[in-house]
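Reading through the structure tokens given below for one structure.
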Amino acid sequence: MSDRTHAAFTPGRSGRADGAPGLIVRECVGQRLASLIARRGQAERASAAAARAFGVALPVAPRAVAGRGATFIWAGPGSWLVETGPELDDVEAFLGATFAGTASICDQSDSRVVLEVSGPRVRDVLAKGAPIDLHADQFSAGDVALTAIGHVGVHLRQVSAAPAFRLSVARSYFGTFWHWLSSSAAEFGCEVVAPDPQPARDAR
Amino acid sequence: MTAAGNSRQSARLASGGLIDRGRPLRFSFDGRSYTGYAGDTLASALVANEVRLVGRSFKYHRPRGLLSAGAEEPNALVELRGGARREPNTPATVAELFDGLEAVSQNRWPSLRHDWLAAGRVLAPVLAAGFYYKTFMWPAPFWEKVYEPLIRRAAGLGRIATGPDPDGYEKAFAFCDVLVIGSGPAGLMAALAAGRAGARVLLVEEDFRFGGRALAERRAIGDRPCHGWAAAVAAELEALPNVRLMCRTTVFGSYDHGVFGALERVNDHVPVPPEYEPRQRLWRIVSRQCVLAAGAIERPLLFGNNDLPGVMLAGAARTYANRYAALAGRRVVVFTDNDDAWSTAADLTAAGASIAAVVDARATTPAGAAPDVHRVTGAVRRALGGRALQAVEIETERGALLRVECDLLAMSGGWTPTLHLSSHQGARPRFDEQRAAFVPAQLPAGMRVAGAANGERTTAEALAAGARAGVAAAEALGLGARAPAIPAVEAETSAQQPLWRVAGAKGKVFVDFQNDVAASDVELAEREGFRSVEHMKRYTTLGMATDQGKTANVNGLALLAARAGQTIGRTGITTFRPPYAPVAIGALAGPHRGKDFRPLRLPPAHGWAVEQGAVFVETGPWLRAQYFPRPGEPDWLAAVIREVTTVRSAVGVCDVSTLGKIDLQGADAAEFLDRLYVNGWKTLAVGRARYGLMLREDGIVMDDGTVSRLADCRYLVTTTTANAGSVYQHMQFCHQVLWPELDVQFVSVSDQWAQFSIAGPHARDLLRAVVDPRHDLSNDAFPYLAAGAVGLADGTAARLFRISFSGELAYELAVPARAGERTVRALMAAGARFGVTAYGLEALGAMRIEKGHVAGNELNGQTTAHDLGLGRMLSTKKDYIGAVMARRSGLVDPARPRLVGFVPVDRGQRLGAGAHFVAPGAAAKAANDQGFMTSAAFSPTLGHWVGLGLLVDGPQRVGERVLAVDPLRGRSTAVEVCDPVFVDAPGERLRV
Chain A
15 MSDRTHAAFT PGRSGRADGA PGLIVRECVG QRLASLIARR GQAERASAAA
65 ARAFGVALPV APRAVAGRGA TFIWAGPGSW LVETGPELDD VEAFLGATFA
115 GTASICDQSD SRVVLEVSGP RVRDVLAKGA PIDLHADQFS AGDVALTAIG
165 HVGVHLRQVS AAPAFRLSVA RSYFGTFWHW LSSSAAEFGC EVVAPDPQPA
215 RDAR
Chain B
-6 MTAAGNSRQS ARLASGGLID RGRPLRFSFD GRSYTGYAGD TLASALVANE
44 VRLVGRSFKY HRPRGLLSAG AEEPNALVEL RGGARREPNT PATVAELFDG
94 LEAVSQNRWP SLRHDWLAAG RVLAPVLAAG FYYKTFMWPA PFWEKVYEPL
144 IRRAAGLGRI ATGPDPDGYE KAFAFCDVLV IGSGPAGLMA ALAAGRAGAR
194 VLLVEEDFRF GGRALAERRA IGDRPCHGWA AAVAAELEAL PNVRLMCRTT
244 VFGSYDHGVF GALERVNDHV PVPPEYEPRQ RLWRIVSRQC VLAAGAIERP
294 LLFGNNDLPG VMLAGAARTY ANRYAALAGR RVVVFTDNDD AWSTAADLTA
344 AGASIAAVVD ARATTPAGAA PDVHRVTGAV RRALGGRALQ AVEIETERGA
394 LLRVECDLLA MSGGWTPTLH LSSHQGARPR FDEQRAAFVP AQLPAGMRVA
444 GAANGERTTA EALAAGARAG VAAAEALGLG ARAPAIPAVE AETSAQQPLW
494 RVAGAKGKVF VDFQNDVAAS DVELAEREGF RSVEHMKRYT TLGMATDQGK
544 TANVNGLALL AARAGQTIGR TGITTFRPPY APVAIGALAG PHRGKDFRPL
594 RLPPAHGWAV EQGAVFVETG PWLRAQYFPR PGEPDWLAAV IREVTTVRSA
644 VGVCDVSTLG KIDLQGADAA EFLDRLYVNG WKTLAVGRAR YGLMLREDGI
694 VMDDGTVSRL ADCRYLVTTT TANAGSVYQH MQFCHQVLWP ELDVQFVSVS
744 DQWAQFSIAG PHARDLLRAV VDPRHDLSND AFPYLAAGAV GLADGTAARL
794 FRISFSGELA YELAVPARAG ERTVRALMAA GARFGVTAYG LEALGAMRIE
844 KGHVAGNELN GQTTAHDLGL GRMLSTKKDY IGAVMARRSG LVDPARPRLV
894 GFVPVDRGQR LGAGAHFVAP GAAAKAANDQ GFMTSAAFSP TLGHWVGLGL
944 LVDGPQRVGE RVLAVDPLRG RSTAVEVCDP VFVDAPGERL RV
């Protein structure tokens, strides 16, 4: 099979077999990703451009905001990861139309594997690796963290209060990360469901 | 004769205790079978079965029994489990009993009762304090070869398993507003106060049951027995959604900013962890406030033979009777200098034991003491008995000697607050003379100490202090808190007049039971000048065993203080360091062991390489194809020769996705590159690539790679595989710290692109078949060092770079990572008619050596651009990182070893990297060293081995012969110095 994410990552149940799975994992495919980095001194103009074109300002704190046709995910001071729909052939050209002169854009669509994780034990699983307080009082839908889980860099964000989290991992590290995630979830039972080609909508 | 070996639990009380008589558990100790109950520890089950002898001491192999009932236990260390799960040094007092538990005593041979090593006791006089430094000194070589191995064998502490641990370990993170450490009366009240106020509370208890000291006492709290009160509070806490309770978890370390380390023994209480569950879990707890309510540890009294089995801490004897319904003795003498041990007399009487005497060093008797008890004012001078206590010898205050028969001596020298966690960050506790205890002085930010850990000894004090601390923690968080009602507790006194050492004690007086340090050792150390507590500790080893002297330290420094004639407060206490209790290395490693020690990176087309039968090699975090063997090839070299020959004569494809790739944009991108690299970039045209070299600030070469100009203000920077991370970090530092004024934006795209090298005379022909026909790939249209976007025939948007590492006509084709696998398949299919081969890292390395290209072996952090023959690249028209330091005299010294090539004089001989050069006829010693071979490979093109190396004056010595001395491989080879470029020196092939 071509274009596979990782040989060991296949739909189905793993770990504890009885009861409802504690962790549900779905790969998010089809979305386009790009880095957006403000030019020197241009962050506010870039944000204004985003507001005009997408209806949202660029987040200045670790948050993700969903605009019309693009979600802007904080990735550091003056830096964002932009997620758009699958219909775009050229995400750089699409964003370039809005941010020319205010930000540099770089296609990252293939650089990450993005998983959406949910299920009743999702926080317990993530607590085995994420040094981030994901308690509902501290971290809620739209919150973002750049962190490391099991020695692998992870761009983490909560997408719903349920809760569900989106974990974006550098593609070359995915095998290691999946090994960590599946073994950490094993005691609760882990279910990988087939990818959803339409990226789920972010909470506003 | 004791009842050891029976299964009747002859010392078990008929009723009472927090054990489940309906759930008997079988276990074995030293191969004999016994029965205990659910709720027992191994220690309490041994008490119930009247097993008195549980260990042999470390140095003198003296018989030892249980001293305590908790984590402080120095004597009863056992090996648990068997096979690969065998683990040494678990105190029997903390080993939760389970059905089928197998425990073995340690440090004896062949058995506990008949320990031949105890013959070593005749050596006792030479094993005194500091013996390591004084005895066994002659003859000198004997220390390492004879004495030390002998001593080490005799002084063993159990055996570790030799097979790989079959169990899993995890790490986890927890966050809370208030961490409460310990679930005794103080901890429960603190958790209740903070929990009811709405704080996120994490209550951590090392025991398997919540309640702490409340589990071991008979008194009532409110209208319930204290264990019942504890259970009710724990149940209320469990029901609060904002409170989390963790038992079987030891907080072992306190660190900056409210961070604590804790070890959860998830499955130590079952023979084998359930499938998918870890054995232990290491927690990193981040708290905003903390209440330390870890209780206190009772001190032994110092009299002769105080280590005899049957001599036990008074509080422990009470714990065994009250919590475990097990009598540690039937005829009991209590020896104390404080009020608390009088409860032991009362509780053991209630449990059916007879109290032969209560020996109190003080003249006073606490209020409420039983009037009919045989009270003696005086001290126990020594314990009498062989392998078990038979009697004690008492000296009364009037000087009379009494001998009292007994099988248990319950002693109490007062209680030492368990304040370790308050002191891990360096704060020194202060000695409170009135309480005769060290108590916390300064505290880490956010920490409060409550109850016995703070020297507050009575239950009433602990309840009140816990409630206060919980309220204060909640208020510090901005929460309104009301103190929970303090339940009534019957009156209790806690007076003490410390008796640090019994005068006129007869026999060996032990201070540190686990390390066999006696009072005489401490006194000897003081006489010999080791008067600082830290010196005394190291000289005598007091406090340095696995129990870290929990029952010993304060007694030891009280002795030192008395000898030195100063107060205990002035004498001070040794530093507390994590961990509070031993933590297995496996738990610290967590899941990151073996192949999971560090992350593994796989290039996008890894699956394809697996299918091709590639042999892989780890390069940094990456797994890369080393070579692609074919059937019939006898060894790796045959595969490499075929791969190189095919590339040089036809075409080959190599996955080079692992190289670091950084997208650089911005108006000042060229200026940024000019400052980063030794060579200039402002003349690089759009659509062109150039080789670049960067130095560290100190002038040494840092990395090399190519930079391609993709658009007016956009470049693609590549790095070596090994330095991808550090170069990116370096660029971030330069931008964020050194030149924030530059308008540059860059981001790693290493994972975005799969990249393949297509090299060989047929490289263009092959590419022609996969690249969209509208692109002109002719040498004129796309010459050497051209770079640009191309479309592939299947529609993939790609980038093409005409760069060559092999020296052949070569391209690197980059496609989005997800297209990597299908693209390499397309390349291989298109190349079939040209005889294409996949080639790996070995062939790549051999070809770069043939071409004299430097790589990681030469960019070794010690070489300059001049050393590598790249001095011409150093621009004189601009400044760049490393420019100034590279001009230091030591770095421009013409005598530095410089890069040249080598061939064996006898072309049949092989070369090896690492061989050092000496002049012919010179001795192979460091003084004659003239440099070394950095890289060597068999050159399929030339048919013999070739090497690159750094040789003093190298470029001036072409044609000379030197000797390559390789002591590691045991050979010396005569080599001839030559130009480092072995193949196509003019570089014509790559420009066709």
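Those protein sequences? They're chains A and B, same order as listed.
Start counting the first sequence at 15; every next residue gets the next number (the numbering used here).
Start counting the second sequence at -6; every next residue gets the next number (the numbering used here).
Every residue, glycine too, gets a C-beta built ideally from N, C-alpha and C.
Taking the alpha helix (DSSP H) that residue i falls in, what are its first and last residues?
| i | result |
| --- | --- |
| residue 636 (chain B) | 629 to 642 |
| residue 10 (chain A) | In the structure displayed, chain A extends from 15 to 218; residue 10 (chain A) sits before or after that span and is not available. |
| residue 723 (chain B) | 717 to 726 |
| residue 121 (chain A) | Per DSSP, residue 121 (chain A) belongs to no alpha helix (DSSP H); it is in the beta strand (DSSP E), 117 to 121. |
| residue 665 (chain B) | 662 to 669 |
| residue 436 (chain B) | That residue, residue 436 (chain B), is in no alpha helix (DSSP H); it is neither H nor E in DSSP. |
| residue 219 (chain B) | 219 to 232 |
| residue 528 (chain B) | 526 to 533 |
| residue 697 (chain B) | No alpha helix (DSSP H) contains residue 697 (chain B), which is instead part of the beta strand (DSSP E) from 694 to 704. |
| residue 563 (chain B) | 561 to 564 |
Out of the options, which has the shortest C-alpha to C-alpha gap to residue i?
| i | options | result |
| --- | --- | --- |
| residue 1001 (chain B) | B:641, B:625 and B:646 | The requested residue 1001 (chain B) does not occur in the structure, where chain B is confined to residues -6 to 985. |
| residue 202 (chain B) | B:215, B:241 and B:870 | B:241 |
| residue 747 (chain B) | B:717, B:774 and B:816 | B:816 |
| residue 657 (chain B) | B:651, B:650 and B:667 | B:667 |
| residue 406 (chain B) | B:546, B:840, B:742 and B:849 | B:546 |
| residue 624 (chain B) | B:639, B:606 and B:637 | B:606 |
| residue 992 (chain B) | B:944, B:503, B:314 and B:362 | Residue 992 (chain B) lies beyond the stretch modelled for chain B, which goes from -6 to 985, so this question has no answer here. |
| residue 168 (chain A) | A:83, A:114, A:105 and A:130 | A:130 |
Could you work out which residues of chain B lie near residue i, taking near to mean beta carbons separated by less than 9 Å?
| i | result |
| --- | --- |
| residue 54 (chain A) | 659, 660, 661, 733, 734, 735, 736, 737 and 738 |
| residue 21 (chain A) | 599, 600 and 603 |
Going by beta carbon distance, what residues of the same chain come within less than 7 Å of residue i, once the five residues before and after it are set aside?
| i | result |
| --- | --- |
| residue 898 (chain B) | 954, 967, 968 and 969 |
| residue 366 (chain B) | 338, 348 and 351 |
| residue 935 (chain B) | 975 |
| residue 694 (chain B) | 686, 688, 852, 856, 857, 858 and 861 |
| residue 321 (chain B) | 40, 305, 310, 313 and 401 |
| residue 199 (chain A) | 29, 36, 37 and 139 |
Whose Cβ in chain A lies nearer than 7 Å to the Cβ of residue i?
| i | result |
| --- | --- |
| residue 166 (chain B) | 141, 144 and 145 |
Quick check on the burial criterion: 16 or more other C-beta atoms within 10 angstroms. Buried or exposed for residue i?
| i | result |
| --- | --- |
| residue 299 (chain B) | buried |
| residue 410 (chain B) | buried |
| residue 859 (chain B) | buried |
| residue 60 (chain B) | buried |
| residue 865 (chain B) | exposed |
| residue 753 (chain B) | buried |
| residue 675 (chain B) | exposed |
| residue 427 (chain B) | exposed |
Which residues in the same chain as residue i place their Cβ atom closer than 8 Å to its Cβ, once the five residues preceding and following it in sequence are excluded?
| i | result |
| --- | --- |
| residue 45 (chain A) | 97, 98, 99, 100, 123, 128 and 213 |
| residue -5 (chain B) | Interpretation of residue -5 (chain B) is limited by its pLDDT of 37, a score under 50 that renders its predicted location unreliable; no figure is taken from the coordinates. |
I want to verify the contact list: residues of chain A whose CB lies under 8 Å from the CB of residue i, in sequence order.
| i | result |
| --- | --- |
| residue 810 (chain B) | 124, 125 and 185 |
| residue 277 (chain B) | 145 |
| residue 585 (chain B) | 164 and 165 |
Taking the beta strand (DSSP E) that residue i belongs to, which residues open and close that run?
| i | result |
| --- | --- |
| residue 674 (chain B) | Segment: none, residue 674 (chain B) is in no beta strand (DSSP E) and carries neither H nor E. |
| residue 999 (chain B) | The structure shown has nothing for residue 999 (chain B), since chain B only spans -6 to 985. |
| residue 937 (chain B) | 937 to 945 |
| residue 182 (chain A) | 178 to 184 |
Could you name the residues of chain B that residue i contacts, counting a contact when the two beta carbons are closer than 8 Å?
| i | result |
| --- | --- |
| residue 189 (chain A) | 593 and 595 |
Residues in the same chain with beta-carbon distance under 6 Å from residue i, minus the five sequence neighbours each way, listed in chain order, please.
| i | result |
| --- | --- |
| residue 170 (chain B) | 192, 193, 281 and 470 |
| residue 626 (chain B) | 632 |
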